Amino acid sequence: MPKYQINATIKKPGGGPVKWTHYSDFPMTAEECRKNFSKEKKQESVFLLMFIFQISFAKRYLHKMQEIHMADFGSTKQTVTFEEWHELLMDYAELRGGNAADAEAWRGDYEAGKTPVEAYCDEWGED
Numbered sequence: 053m054p055k056y057q058i059n060a061t062i063k064k065p066g067g068g069p070v071k072w073t074h075y076s077d078f079p080m081t082a083e084e085c086r087k088n089f090s091k092e093k094k095q096e097s098v099f100l101l102m103f104i105f106q107i108s109f110a111k112r113y114l115h116k117m118q119e120i121h122m123a124d125f126g127s128t129k130q131t132v133t134f135e136e137w138h139e140l141l142m143d144y145a146e147l148r149g150g151n152a153a154d155a156e157a158w159r160g161d162y163e164a165g166k167t168p169v170e171a172y173c174d175e176w177g178e179d
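Plus 52 on top of the position in the sequence shown (first one is 1) and you've got the working numbering.
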């Protein structure tokens, strides 16, 4: 299991920002990230050169996974209250570099019996 999580926001000219996450067994400096992940990409004769990285190394990924008890992400309305479920959802969103702060926006997913992971992935199209 990787030990470090690297989050980035990639801004493409003419498009909105794209969230990107990379997992690594080794820490990387901001310069190493730019060098390794800012390769020029050609798309329909337009070079996408502008990448804005917001890189976080403060927390080790493995420690964070242990801290928030990965098994709890399988909780549903049958096992936890909505408030507890939403806290787990916010923890998972933080881990993935996203946001799930608006509790009421997620109540339908809780009532439908989804786990925090299922709700987040359905909303943001992630695995």
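Think of the CB as a built atom: it goes at the ideal place given N, C-alpha and C, for glycine as much as any other residue. What you are looking at is a predicted structure, and each value in this text was computed from that prediction instead of being measured.
- As DSSP reads the structure, residue 74 sits in a beta bridge with 58.
- Comparing C-alpha distances from residue 134 to each of 147, 164, 173 and 149 shows the shortest one belongs to 164.
- With distances taken between CA atoms, residue 145 lies nearest to 173 out of 173, 74, 84 and 81.
- Residue range 134-148 is occupied by the alpha helix (DSSP H) that includes residue 143.
- A Cβ-Cβ separation of about 5 angstroms places residue 149 in contact with residue 73 under the 8 angstroms criterion.
- By the CB criterion at 8 angstroms, residue 140 and residue 127 fall inside the cutoff.
- Put simply, the backbone Cα of residue 84 is about 28 angstroms away from that of residue 176.
- Here the alpha carbons of residue 154 and residue 170 stand approximately 17 angstroms from one another.
- The three-state reading of DSSP puts residue 168 in helix, counting H, G and I together.
- Residue 163: member of the alpha helix (DSSP H) spanning 159-163, first to last residue.
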